[in-house]
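A.B. asks: First, the structure itself, so that you have it in front of you.
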Amino acid sequence: PIVAFLFKAFKRIANPLLKIGLLRDIGLAPILYPYKTAPSFEVYAYNLFKTDGYPKNYGIYSAELGPAIYKRDPVTNAVSHDTTGKTDFSPHEIIVPNFECPTNFAAPMFNLHSEYYRGKAIDKVMQFFYEGRRNESAITPLIQLVTDPIRRPASLLVYPVAPAKNTSILVGFIRFIHNWDTILTKSAPPSAAGVDIIIGDGTQHLTFTVRSDATVVFQGDGDLHDPEYNDYRRDYEASGIPGYSEYSFVFYPNSSFFPSNMKLYAVLGCTAFFIVVFLLILLFAVYHFSLHRQLMHKQEALDSKRSFVRFISHEIRTPLNTVCMGLKVLQDEARTVIEDVQSSGSIHSTVLMTDAKSDDDVWSPSTGQNYQQLVTFLVNKQVTWLELMKEIEVSSSNAVNVLNELISYDKIEMNTLQIEKELLPIWELLSSSVKPFYIQARERGL
């Protein structure tokens, strides 16, 4: 009765699941126990299939065995009647026949639990179910279906089935089969053409390629992507059962992903870039040369000005020094005459004319005029001339000092100036600074 109920409920949901789940196949597999439910189920299934008229390749059937649930030898692939449910990998002695499928029914009545990968997935679901995780499923690693004549990797998903009124009883499984080329073809957009997809399950890797028409084909076992595009790697870790079916997806582009002239564009772009960089370097070199040349011209002009100032300074300073020395000699002579007159009271000259307007105004010993007044007058005049010569000498010295300062300023720019420390006669400096203005003040009556 339970199997009949499952069969009716399954037929109501199978077709919608096939349409929305991108599945290749969906099937119902009840849990049977050897020597208890398995023999009677074999008779029930045979009568059901015979009434409905399918499938033609029903299990194994012979005059000796009759309709039977079978298994395949993992080494020789030979089939045999499975009556014990024993395996080398599972503690559960159960039979889970591939019973019902709404479409292309492949391997009917095959004991799914007898094959390693399917059996491990069934064991995982049973473990989850009895741990209280009754809505969890398990997926097998990448497998090859025995009914596929060519290499076409697939995966099988196992989901638990329990009655709605008693969810603590596990009565069977719904198994889903999908081929990865079908799933990827339905999922890949047209823009993904030229992408290699590496699918791994923890123990092996398979390579698929998206073609130009957006269909995905199986390329072969292993990671077959082009190492030239390693830098474009993209990873995606999918869910699975740790240590059993840990799926991972790695994506790489291949040569067809890029336009055929993309390398040419890359070469042209790099060439243009280097040309631009070269032109910029050349431009900066020309700018640096022009700036350096301009600075050299300015330096030459400055050096010319310095040479001119030094030359003029020396040319002017030489005659000024001569004037200064001549004035000092005159001062010494005038000072000597004054000292002689003041000490002896006589003049050793026969005629001395100074500011004479007529013959009557001439001072001489023969005139009989007061000789002492003449002496006093001459001394005063000599003192005035002496002061005037002193002022001229100071002005000339100041001009020489100015020229020396110009030369010193030039030495500052050339870093050749030497500084000497000495006492500064401040009052003499102030007096010498004011004296050049005496003559101008006297002319203006100030």
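In the numbering used here, each residue's number is its place in the sequence shown (first place is 1) plus 1183. Glycine residues also receive a C-beta, built at the ideal position from the N, C-alpha and C atoms. Being a predicted model, the structure only gives us computed values, none of them experimental.
Helix, strand or coil: which one does DSSP assign to residue 1328?
C.D. replies: Counting from 1 along the sequence shown, the entry for residue 1328 is found at position 145. Note: residue 1328 maps to coil in three-state DSSP.
A.B. asks: Taking the CB atoms as reference points, tell me whether residue 1265 and residue 1252 lie closer together than 8 Å.
C.D. replies: Residue numbering aside, residue 1265 sits at position 82 when the sequence shown is read from its first letter. Residue numbering aside, residue 1252 sits at position 69 when the sequence shown is read from its first letter. Yes, they are a contact pair.
A.B. asks: Reducing DSSP to helix, strand and coil, say where residue 1457 ends up.
C.D. replies: Within the sequence shown, numbered from 1, the residue matching residue 1457 stands at position 274. Looking at residue 1457 - three-state DSSP - the assignment turns out to be helix.
A.B. asks: Kindly indicate which residue of 1216, 1312, 1214, 1324 has the alpha-carbon position closest to the one of residue 1382.
C.D. replies: Translated into the one-based positions of the sequence shown, residue 1382 becomes position 199. It is 1324 whose Cα lies nearest to the Cα of residue 1382.
A.B. asks: For a test of the three-state rule: what should DSSP assign to residue 1337, helix, strand or coil?
C.D. replies: If you number the sequence shown from 1, residue 1337 lands on position 154. Strand at residue 1337.
A.B. asks: For residue 1419, which option in 1363, 1431, 1483 has the closest C-alpha, if you only look at C-alpha atoms?
C.D. replies: As a position in the sequence shown, residue 1419 is number 236, starting the count at 1. Measuring from the Cα of residue 1419, the nearest candidate turns out to be 1431.
A.B. asks: Using beta-carbon positions only, say whether residue 1282 and residue 1211 come within less than 8 Å of one another.
C.D. replies: The sequence position of residue 1282 within the sequence shown is 99, counting from 1. The sequence position of residue 1211 within the sequence shown is 28, counting from 1. Contact: yes.
A.B. asks: For residue 1508, I'd like the list of residues in its chain whose CB is within less than 6 Å of its CB, leaving aside the five on either flank, ordered along the chain.
C.D. replies: Here residue 1508 corresponds to residue number 325 of the sequence shown, with the count starting at 1. Contacts found: none.
A.B. asks: Do residue 1386 and residue 1402 have their C-beta atoms closer together than 8 Å?
C.D. replies: Within the sequence shown, numbered from 1, the residue matching residue 1386 stands at position 203. Within the sequence shown, numbered from 1, the residue matching residue 1402 stands at position 219. Cβ atoms of residue 1386 and residue 1402: not closer than 8 Å.
A.B. asks: From the DSSP output, read off the bridge partner residues of residue 1315.
C.D. replies: Residue numbering aside, residue 1315 sits at position 132 when the sequence shown is read from its first letter. According to DSSP, which records beta bridges pairwise, residue 1315 is partnered with nothing at all.
A.B. asks: Hey, residue 1506 and residue 1579: beta-carbon distance below 8 Å or not?
C.D. replies: Counting from one through the sequence shown, the residue named residue 1506 turns up at place 323. Counting from one through the sequence shown, the residue named residue 1579 turns up at place 396. Against a cut-off of 8 Å, the Cβ pair of residue 1579 and residue 1506 comes out as a contact.
A.B. asks: Pick out whichever of 1349, 1358, 1395 has its Cα sitting closest to the Cα of residue 1342.
C.D. replies: Along the sequence shown, one-based indexing puts residue 1342 at 159. It is 1358.
A.B. asks: Give the straight-line distance between the Cα atoms of residue 1221 and residue 1328, rounded to the nearest whole angstrom.
C.D. replies: Position 38 of the sequence shown, counting from 1, holds the residue named residue 1221. Position 145 of the sequence shown, counting from 1, holds the residue named residue 1328. Rounded to the nearest angstrom, the two C-alpha atoms are 25 Å apart.
A.B. asks: Classify residue 1214 as buried or exposed, calling it buried when 16 or more other Cβ atoms lie within 10 Å of its own Cβ.
C.D. replies: Locating residue 1214 in the sequence shown gives position 31, where the first residue counts as 1. Buried.
A.B. asks: Can you check DSSP and say which residues form a bridge with residue 1342?
C.D. replies: Taking the first residue of the sequence shown as 1, we reach residue 1342 at position 159. Paired residue(s): 1357.
A.B. asks: With distance defined between alpha-carbon atoms, name the residue in 1572, 1433, 1608, 1494 nearest to residue 1587.
C.D. replies: In the sequence shown, counting from the first residue as 1, residue 1587 sits at position 404. For the residues 1572, 1433, 1608, 1494, the minimum Cα distance to residue 1587 belongs to 1494.
A.B. asks: Return the residue from the list 1581, 1602, 1606, 1605 that minimises the CA-CA distance to residue 1616.
C.D. replies: What you label residue 1616 is simply residue 433 of the sequence shown in a count that begins at 1. Considering only alpha carbons, the answer is 1581.
A.B. asks: Look at the Cβ atom of residue 1254, then the Cβ atom of residue 1318, and state whether they are nearer than 8 Å.
C.D. replies: In the sequence shown, the residue the question calls residue 1254 occupies position 71. In the sequence shown, the residue the question calls residue 1318 occupies position 135. Contact flag unset, no.
A.B. asks: For the candidate residues 1407, 1332, 1394, whose alpha-carbon lies nearest to that of residue 1388?
C.D. replies: Here residue 1388 refers to the residue found at position 205 of the sequence shown. It is 1407 whose Cα lies nearest to the Cα of residue 1388.
A.B. asks: Closer than 8 Å by C-beta to residue 1378: which residues in its own chain qualify, once you throw out the five before and the five after it? Chain order, please.
C.D. replies: As a first step, residue 1378 is located in the sequence shown; it is residue number 195 there, counting from the start. Excluding residues within five positions, the ones whose Cβ falls inside 8 Å are 1371, 1392, 1393, 1434, 1435, 1436, 1437, 1440.
A.B. asks: Give me the DSSP bridge partner(s) of residue 1432.
C.D. replies: On the sequence shown, position 249 is the one that residue 1432 refers to. 1382, 1419, per the DSSP bridge assignment.
A.B. asks: Find the nearest neighbour of residue 1307 within the set 1321, 1314, 1316, judged by alpha-carbon distance.
C.D. replies: The residue labelled residue 1307 in the question sits at position 124 within the sequence shown. The shortest Cα separation from residue 1307 among 1321, 1314, 1316 belongs to 1321.
A.B. asks: Within the same chain, show all residues whose beta-carbon is closer than 7 Å to that of residue 1543, passing over the 5 residues directly before and after it, in chain order.
C.D. replies: Residue numbering aside, residue 1543 sits at position 360 when the sequence shown is read from its first letter. For residue 1543, the pLDDT reaches just 46, beneath the cut-off of 50, and the residue's location in the model is therefore unreliable, although a value from the coordinates is still provided. Closer than 7 Å at Cβ, skipping near neighbours: no residue.
A.B. asks: With respect to the beta strand (DSSP E) encompassing residue 1263, which residues constitute its N-terminal and C-terminal limits?
C.D. replies: Start at 1 with the first residue of the sequence shown, and residue 1263 comes out as number 80. Residues 1262 to 1264.
A.B. asks: State the beta-bridge partners of residue 1403 as determined by DSSP.
C.D. replies: As a working note, residue 1403 is residue 220 in the sequence shown. Residue 1403 pairs with 1390.
A.B. asks: DSSP three-state call for residue 1272: helix, strand or coil?
C.D. replies: Stepping through the sequence shown from its first residue, residue 1272 is reached at position 89. Three-state DSSP puts residue 1272 in coil, outside helix and strand.
A.B. asks: Please go through the same chain and pick out, in chain order, the residues whose beta-carbon is closer than 8 Å to the beta-carbon of residue 1409, but skip the five residues on each side of it.
C.D. replies: Here residue 1409 refers to the residue found at position 226 when the sequence shown is read from its first residue. Counting only Cβ-Cβ distances below 8 Å, and skipping sequence neighbours, we find 1379, 1435, 1437, 1438.
A.B. asks: Closer than 8 Å by C-beta to residue 1513: which residues in its own chain qualify, once you throw out the five before and the five after it? Chain order, please.
C.D. replies: For this step, residue 1513 is matched to residue 330 along the sequence shown. Result list for residue 1513: 1572, in chain order.
A.B. asks: Does DSSP classify residue 1253 as helix, strand or coil?
C.D. replies: As a first step, residue 1253 is located in the sequence shown; it is residue number 70 there, counting from the start. Here residue 1253 sits in strand by DSSP.
A.B. asks: Measure the CB-CB distance between residue 1179 and residue 1339 and report whether it falls below 8 Å.
C.D. replies: Outside the displayed span of the chain (1184 to 1629) sits residue 1179, for which this structure offers no information.
A.B. asks: Let me know the secondary structure DSSP gives residue 1222 once reduced to three states.
C.D. replies: Stepping through the sequence shown from its first residue, residue 1222 is reached at position 39. Residue state, collapsed to three classes: helix.
A.B. asks: Look at the alpha carbon of residue 1400 and the alpha carbon of residue 1223, and state the distance between them as a whole number of angstroms.
C.D. replies: Taking the sequence shown and counting its residues from 1, the one referred to as residue 1400 is at position 217. Taking the sequence shown and counting its residues from 1, the one referred to as residue 1223 is at position 40. If I take the Cα positions, the gap works out to 44 Å.
A.B. asks: Residue 1274 to residue 1368, Cα distance in whole Å?
C.D. replies: Within the sequence shown, residue 1274 is the residue found at index 91, counting from 1. Within the sequence shown, residue 1368 is the residue found at index 185, counting from 1. Each residue's alpha carbon lies about 39 Å from the other.
A.B. asks: Under DSSP, the alpha helix (DSSP H) around residue 1364 begins and ends at which residues?
C.D. replies: Position 181 of the sequence shown, counting from 1, holds the residue named residue 1364. It spans 1363 to 1370 - the alpha helix (DSSP H) in which residue 1364 sits, taken as one unbroken run.
A.B. asks: Is residue 1261 buried or exposed, if buried means 16 or more other CB atoms sit within 10 Å of its CB?
C.D. replies: Walking along the sequence shown from the start, residue 1261 turns up at place 78. Label assigned to residue 1261: exposed.
A.B. asks: Cβ of residue 1511 within 8 Å of Cβ of residue 1570?
C.D. replies: Along the sequence shown, read from residue 1 onward, the residue named residue 1511 stands at position 328. Along the sequence shown, read from residue 1 onward, the residue named residue 1570 stands at position 387. No.
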